[in-house]
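J.: Dumping the structure here so I can ask a few things about it.
This is the structure in structure tokens:
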């Protein structure tokens, strides 16, 4: 595992997670208050100074404090939605590819229906109807619609892996179906599952950002999306407070980058031909 | 005594709208004594499909496969377990024969475990090393390696080592040497022959390359579009083929001797484009046959034993006529 | 006698991020007018790289490291194919030197009829549409295909017919040299015989020299006049087909011939060649066959044997033959 991609990817992700966890504490330190996000703590729309590194937002809060407090909630949305989407998507995609026949046809229809489903109007409607509309609900819903993308990636991979000679060899060696699924097919799927997971996580984080921009937010919990959304609505770039858009956007990109690097290194571990290329380069 | 393997009226049809008769009422058997039988045919002849069915990997549209007297698709659990141990494959593609995520020792360990091949770890290791030695591989060069670290030829030998370890009654080998270099083929085939002679293991050998069958000897079945055209002893069939397709096949082999070059051009009828008629109640080789007759288009020739050759079956109207005339 | 194609000291390497690895080394080969010469070797020996070198198709990541490929034009002048400009090459190709790549039955555009695909190149060389159709029809006739093929789509033709169409395309300008890379792999044995016989007929009719690249010794025995044996990027033996088959001199060629499976050979007679051909990243020093050779001497590990004329028209690159000469001389 001396692959530079693994090291950078894992390192970056660890950094992001640590930042998410200690972010609120740093925020308290920066603002010197127990409630760093209290409205009106500072004058609104102040340009960056030593005290307010990226200035203050429209609610009079220190931009950096808001940023540091937003990472955690955003990651949480991403992870909840991502895990739900990947779990459902892998299960259904695998079932369709492995069992084939009528089940496959049936599932493919379902996948297509979910893919074309207009999420936005549904979100709007639900946001109005549901009482306890909060970020977790949003995350769950994003997961419940994101699985179709995952299934669409996993299914053809299963179809192709199923035909490999080594799967036949496992059958003829007396391996149980369960063992074949876990030990023969799953390793080949891991890169795709990893890829789907990272895509789902970041996709959900971005989707939440998008929803925030059009105002279907969920209360006051700070998220990277909320910060970007506010930034757009309030036109912070024009006022010279670019940092308040740049930092959250950069964090989203970094999250995606770290997850992708880990993915690529996973692929190299499980795809021997790629591994050989890497070994040749290194030797 | 029951035959080791008996294929009876095996038929496999793919698709419903334009049904493809991959295998069309094929019947043959392999005796209990260790033997080698080659199924020879071009792509589309059905040979690989027969192999998959005989291995139990797929169920045929109709027909039966008997192993040691029992229908392989209806045997009970206990019988199935023994069947799995008794019938083992060699696949064509050494590059996908082993799961690339694991080291090669896993292949052997799984076999030992599932087939109860040894009482403890130490004995198992000894047997594995013995098997690798017997095919000319050094265990240190193989067991801890990943498949991609070995060449195609070495990987096919690992397959043979696995077979040596398991000691099945029957090996079903689907084009095992077509993807390895010519210089490695001889050693592989030699091992198959020694498996028969020294370990009593029979082989059902599927190939499109007649020279490999000739090397192995034994019996041969020539397949064309899912049907048997000729069936007999390999040296006899290759020396004096009777079916026009078998003749064409054998005469087209490029002999590696410049003093034995082809003396004539092939007739134009040999290459027909995709205009075959859908009628299957005829000889399927008719459109390419240099000796085609009226009756070949109207009636399917039956597979009949020949009188002038020992244990030879041919499906051709040319020979049916002779019988009727007698 | 003029030599149609002279390959001299040709070395081609492969560029990776860190270095250039040599694939073929200092290859010398002459192709005589109207001869069928076979280049035989196992997978990975570099024969396809030699083919692209002979055609001047050396593009990244391939790199020309040394040598020249002199093609004799109809007017008697010679031109160095590997040093020609892209425009000059475009003119040379198809007109004087043509190529049938591996798997060429798959080079056809599935949505175009054959006619346009065959006449396009000719028209690009400045030939009128009408003359192009004439030439193409004539070429199809040479490979026993009817002109009606022109109106068909590739998927309507069998594998053998597509291969023959590819050959017709290659000979439609009657080049001096035709390079066929594994022209019959993936075809069944009957179609293979047909294609090979067509190639010989073309040589007999048009006088075009044909370089056939293959791993199949049987194919070589049936159609080649001369054979060049390649091992690990080098040509190690060249001679008339009967000489190579009856009396091969290089230990590798001997082993190769010994391993042929043919009827009449008993199980014991086939010799087993141990080990594997080295890949370009692991070429041994000295004679590249030395790790597997049953007759290796100390000299073989350090000195590369030159391809030297040992008998009439029979060249071999092996130190053993020096020993034999000095023992007898």
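Residue numbers (my numbering), protein chains in the order written: chain U, 7 to 289; chain A, 120 to 445; chain W, 19 to 347.
Ideal Cβ placement from N, Cα and C applies to all residues, glycine included.
Treat the numbers as computed from the prediction; the structure is a model and nothing was measured.
With a CB to CB cut of under 8 Å and the five nearest residues on each side skipped, what residues in its chain are close to residue 162 of chain U?
T.: Here the set comprises 103.
J.: Would you mind giving the Cβ-Cβ distance between residue 231 of chain U and residue 256 of chain U, rounded to the nearest angstrom? I have them listed as a contact below 8 Å.
T.: Wrong, their Cβ atoms sit about 14 Å apart, outside the cutoff.
J.: Does residue 228 of chain A get closer than 8 Å to chain U when you measure Cβ to Cβ?
T.: It does not: the Cβ of residue 228 of chain A has no partner Cβ on chain U nearer than 8 Å.
J.: Report all residues from its chain with a CB closer than 6 Å to the CB of residue 67 of chain W; omit the five preceding and five following residues, and keep chain order.
T.: Within the same chain, residue 67 of chain W has close Cβ partners 30, 41, 42.
J.: Could you give the residue range of the alpha helix (DSSP H) that holds residue 296 of chain W?
T.: Element bounds for residue 296 of chain W: n/a, residue is neither H nor E.
J.: For residue 349 of chain A, go through chain W and note every residue whose CB falls closer than 7 Å to its CB, in chain order.
T.: None at all; the shortest Cβ gap to chain W is about 15 Å.
J.: Could you please tell me which residues of the region 193–227 of chain U, in chain order, have their CB closer than 8 Å to any CB of chain A?
T.: So the list reads 193, 194, given in the order they occur along the chain.
J.: What does residue 68 of chain U pair with, by DSSP beta-bridge criteria?
T.: DSSP lists U:62 as partners of residue 68 of chain U.
J.: Who are the Cβ neighbours of residue 259 of chain W in its own chain at under 8 Å, not counting the five residues just before and after it?
T.: Excluding sequence neighbours, residue 259 of chain W sits near 56, 238, 239, 242, 243, 244, 245.
J.: Please compile the residues from chain W whose C-beta is within a distance smaller than 8 Å of the C-beta of residue 272 of chain A.
T.: 294, listed in chain order.
J.: Mind checking which residues open and close the alpha helix (DSSP H) that includes residue 309 of chain A?
T.: Residues 301–318.
J.: To the nearest whole angstrom, what separates the beta carbons of residue 250 of chain A and residue 289 of chain A, a pair I think is in contact under 8 Å?
T.: Between residue 289 of chain A and residue 250 of chain A the Cβ distance is about 18 Å, and since that is not below 8 Å, they are no contact.
J.: Using a Cβ-Cβ distance under 8 Å, would residue 445 of chain A count as near chain U?
T.: With a pLDDT of 46 at residue 445 of chain A, under the threshold of 50, the modelled position of this residue cannot be trusted, and the question is left open.
J.: How many Å lie between residue 169 of chain U and residue 234 of chain A at the Cα?
T.: If I take the Cα positions, the gap works out to 24 Å.
J.: For residue 216 of chain A, go through chain U and note every residue whose CB falls closer than 7 Å to its CB, in chain order.
T.: Those are 171, 172, 175, listed as they occur along chain U.
J.: Between the region 151–167 of chain U and chain A, which residues of the former have CB atoms less than 9 Å from a CB of the latter, in chain order?
T.: Residues passing the 9 Å Cβ filter: none.
J.: Name, please, each residue of chain W whose Cβ falls closer than 7 Å to the Cβ of residue 63 of chain A.
T.: Since the first residue of chain A shown is 120 and the last is 445, residue 63 of chain A is not available in this structure.
J.: Counting only Cβ pairs nearer than 9 Å, list the residues of chain A close to residue 263 of chain W.
T.: The answer, in chain order, is 375, 376, 377, 378.
J.: Mind checking which residues open and close the beta strand (DSSP E) that includes residue 351 of chain A?
T.: From DSSP, the beta strand (DSSP E) with residue 351 of chain A extends over 346–352.
J.: Does the beta carbon of residue 365 of chain A sit closer than 8 Å to a beta carbon anywhere in chain W?
T.: Not one chain W Cβ lies under 8 Å of residue 365 of chain A.
J.: Once the 5 residues before and after residue 42 of chain U are set aside, which same chain residues still bring their CB inside 6 Å of it?
T.: Counting only Cβ-Cβ distances below 6 Å, and skipping sequence neighbours, we find 33, 34, 71.
J.: Going by Cα to Cα distance, which pick from W:150, W:336, W:327 is closest to residue 308 of chain W?
T.: Minimum Cα distance to residue 308 of chain W is reached at W:336.
J.: With 9 Å as the limit, tell me which residues of the region 321–348 of chain A have their beta carbon closer than that to any beta carbon of chain W; keep them in chain order.
T.: Going along the region 321–348 of chain A in chain order, one finds 327, 328, 329, 330, 331, 333, 334, 335, 336 with a Cβ nearer than 9 Å to chain W.
J.: Under 7 Å between beta-carbons, which chain A residues line up against residue 169 of chain W? List them in chain order, please.
T.: By Cβ distance, chain A contributes nothing, its closest Cβ being about 13 Å from residue 169 of chain W, past 7 Å.
J.: Give the interface partners of residue 53 of chain W over in chain A, defined as CB-CB distance under 7 Å, in chain order.
T.: The contacting residues do not exist; residue 53 of chain W stays about 14 Å from chain A at best.
J.: Quick test of the definition: if touching needs 3 or more C-beta pairs under 8 Å, does the region 291–301 of chain W touch the region 344–363 of chain A?
T.: With the cut-off at 8 Å, the region 291–301 of chain W and the region 344–363 of chain A do not touch.
J.: So, is the C-beta of residue 200 of chain A closer than 8 Å to a C-beta in chain U?
T.: Yes, because at least one Cβ of chain U sits closer than 8 Å to the Cβ of residue 200 of chain A.
J.: Name, in chain order, the residues that DSSP records as bridge partners for residue 45 of chain W.
T.: Residue 45 of chain W pairs with W:28.
J.: If residue 330 of chain A and residue 279 of chain W are in contact, beta carbons under 8 Å, what's the gap, nearest whole angstrom?
T.: Right, their Cβ atoms sit about 5 Å apart.
J.: Straight-line CA distance for residue 282 of chain W to residue 187 of chain A?
T.: Its pLDDT being 45, under 50, residue 282 of chain W is placed unreliably in this model, and the coordinates cannot settle the point.
J.: Going by DSSP, which residues form a beta bridge with residue 181 of chain A?
T.: A:130, per the DSSP bridge assignment.
J.: Establish whether the CB of residue 210 of chain A and some CB of chain U are separated by less than 8 Å.
T.: It does: the Cβ of residue 210 of chain A has a partner Cβ on chain U nearer than 8 Å.
J.: Taking C-beta to C-beta, are residue 186 of chain W and residue 207 of chain W nearer than 8 Å?
T.: Not closer than 8 Å, so no.
J.: Nearest CA to the CA of residue 418 of chain A: which residue from A:267, A:437, A:428?
T.: Comparing Cα-Cα distances from residue 418 of chain A to each of A:267, A:437, A:428, the minimum goes to A:437.
J.: Short of 9 Å Cβ to Cβ, which residues in the region 231–248 of chain W face chain A?
T.: Those residues of the region 231–248 of chain W that come within reach of chain A (Cβ to Cβ, closer than 9 Å) are 233, 234, 235, 236, 237, 238, 239, 240, 241, 242.
J.: Quick one: grab the DSSP three-state call for residue 190 of chain A.
T.: If DSSP states are grouped into helix, strand and coil, residue 190 of chain A belongs with the strands.
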